[in-house]
Every structure is written in C-alpha cells, then in structure tokens.
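S.K.: Residue numbers (UniProt numbering): 1 to 225. Glycine is no exception: its CB is placed at the ideal position from the N, C-alpha and C atoms. Questions regarding the structure given below will be posed in turn.
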C-alpha cells in the first residue's frame, strides 16, 4: 500500500519560503533607505517618488504571497477531506462498472444486468493477455444476475490467480444484441494516492470513489452469511 502523503505540502513550503525571502528583502531595503536619509544633503533632499514606488511594489508582492498561502491552505483542507472520505470506504464492499475481476483462491465473481430478456447469452472469460480461457452460457432473463467462475479453463485445469475479464453476448431470437452492463463487486482494501488523486484499492484495481455504483456495509454482509 502506497503511503498517503499530503501532495500540497511542498507547495505550501514554497509559499512560506517566498514570504521569508520577501521579509528579508524588505528589511534590507529599509536599512538602505534609512542610511540614505541619514546621509542626504539637506539642501538637496531625496526624491521620495522612487522609494514610494518600491514600497508599493513590496506591498503588492506581499499581498500576492498571502493570497497564495491562503489558497494553498484551502487546497490542503479539500485534499484532506477527500482522503478522509476515501478512507471511509475501507472494509466495505463496492460494486464497480467494469469487466475485470480478480481470481483469488479459485473464485472470481461478476454481476451483469440485461435490459431485455434474451434468447441466448454466451459467456467468455479471458486472461490478462486476451486469451479465451472459458466459455459457457449465462442467464437470459431481463434484470440483474450473478456469475461466479471457479478459475478452471475448458479442459478443467485450475488457472493461476490474477486479473480476468468477462464478456457476455446476450441476443434475441433474431440475433439482435441485448444491451447490458457488467459489474465487479469487491471489498475496498485500502486507499492509494496517485498524482494527488485518491483511489480505492479493490480486487487488485484502483478506482475513483465516484466510480462505485453501490456501497455495502461489511457488517451487514457478514450478518447475512
């Protein structure tokens, strides 16, 4: 499991460093200005226009750095909330719209939904390289159905654990394809951060929390088994 880090910590540190540098430059400027004022010719006093413009410039930069720091704090808070929200999924089962499922301990499960009742429904399971390892027939009635594969190929050989994909081809009597969706249901095992985005680790895959079609309480599942 990848360690969850705050992706915006570096940006916040950069803004803080910029603020420190600005403060140092401002102090240097004020020291130079004070020295010049102390040694100016009373008969030819300094033109205040130049250092007034410099003060205005420093003020503008300071405001910009403050704005950036506030924005970075807001982003950090949002990022933290996203992480907390993702962590709440751990230990729960989710249903995801995908044809992939992980074979583990001789079992891989999918569910699928047919929009209409079909006359036939050919089922195909393929391995990670796209080779067909299993063929069979599935349910044909409209609605949701479960399919659990025991991990054995067409010769009865037990295949190794790993990712496999399910394809179904429901058709009406005249050969028209029936619209359908395929889902995978699995337990959220952890949370990983990739490029500042939090993903749920489910059955060997990383999915966005928004990709979860349904969420199930693990306690309720255990109580019914």
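Which word fits residue 115, buried or exposed, when buried means at least 16 other C-beta atoms lie within 10 angstroms of its C-beta?
M.R.: So residue 115 ends up on the exposed side.
S.K.: Inspect the beta-carbon positions of residue 171 and residue 177 and report whether they are closer than 8 Å.
M.R.: For residue 171 and residue 177, yes; Cβs fall inside 8 Å.
S.K.: Quick one: using the 10 Å Cβ neighbour count with 16 as the cut-off for buried, is residue 214 buried or exposed?
M.R.: When all chains shown are included, residue 214 counts as exposed.
S.K.: Can you list, in chain order, the stretches of the beta strand (DSSP E) that have 3 or more residues and sit fully within the segment 87–160?
M.R.: With a minimum length of 3 residues, the continuous beta strand (DSSP E) runs that stay inside the segment 87–160 are 93–97, 100–103, 108–114, 120–126, 132–137, 143–149.
S.K.: Is DSSP giving residue 172 helix, strand or coil here?
M.R.: Coil.
S.K.: Can you pull the DSSP bridge partners for residue 200?
M.R.: In DSSP, residue 200 forms a bridge with 191, 207.
S.K.: Does the segment 120–128 come close enough to the segment 146–166 to have 3 or more Cβ pairs within less than 8 Å?
M.R.: Contact holds: three or more Cβ-Cβ distances are below 8 Å.
S.K.: Between 102, 152, 101, which lies nearest to residue 133 when the distance is taken from Cα to Cα?
M.R.: Taking only the C-alpha atoms, the option nearest residue 133 is 152.
S.K.: Whole angstroms is fine: what's the gap from residue 212's alpha carbon to residue 97's?
M.R.: Those two C-alpha atoms are separated by around 8 Å.
S.K.: Consult DSSP for residue 212 and reduce its assignment to one of helix, strand or coil.
M.R.: Residue 212: strand per DSSP, three-state reduction.
S.K.: Output needed for residue 100: all residues of its chain with C-beta closer than 6 Å, excluding positions within five of it in sequence on either side, in chain order.
M.R.: Excluding positions up to five away in sequence, the list reads 163, 165.
S.K.: Rounded to whole angstroms, how far is the Cβ of residue 138 from the Cβ of residue 145, which I believe are closer than 8 Å?
M.R.: Confirmed, Cβ separation roughly 7 Å.
S.K.: Which one or two residues does DSSP pair with residue 177 in a beta bridge?
M.R.: Paired residue(s): 171.
S.K.: Within 10 angstroms of its Cβ, does residue 202 collect 16 or more other Cβ (buried), or is it exposed?
M.R.: Its Cβ being crowded by 16 or more others within 10 Å, residue 202 is buried.
S.K.: Contact check, residue 187 vs residue 105 under 8 Å by CB: the rounded distance?
M.R.: Actually they do not touch by this definition, with Cβ atoms about 13 Å apart.
S.K.: Going straight from the alpha carbon of residue 191 to that of residue 141, what length do you get?
M.R.: So the alpha carbons of these two residues sit roughly 37 Å apart.
S.K.: Ordered along the chain, which non-local residues of its own chain (more than five positions away) have a Cβ less than 7 Å from that of residue 204?
M.R.: Excluding sequence neighbours, residue 204 sits near 102, 163.
S.K.: Taking just the CA atoms, how far does residue 159 sit from residue 184?
M.R.: Approximately 19 Å, taken between the alpha carbons.
S.K.: If you draw a straight line from the C-alpha of residue 136 to the C-alpha of residue 90, how long is it?
M.R.: Roughly 34 Å between the two C-alpha positions.
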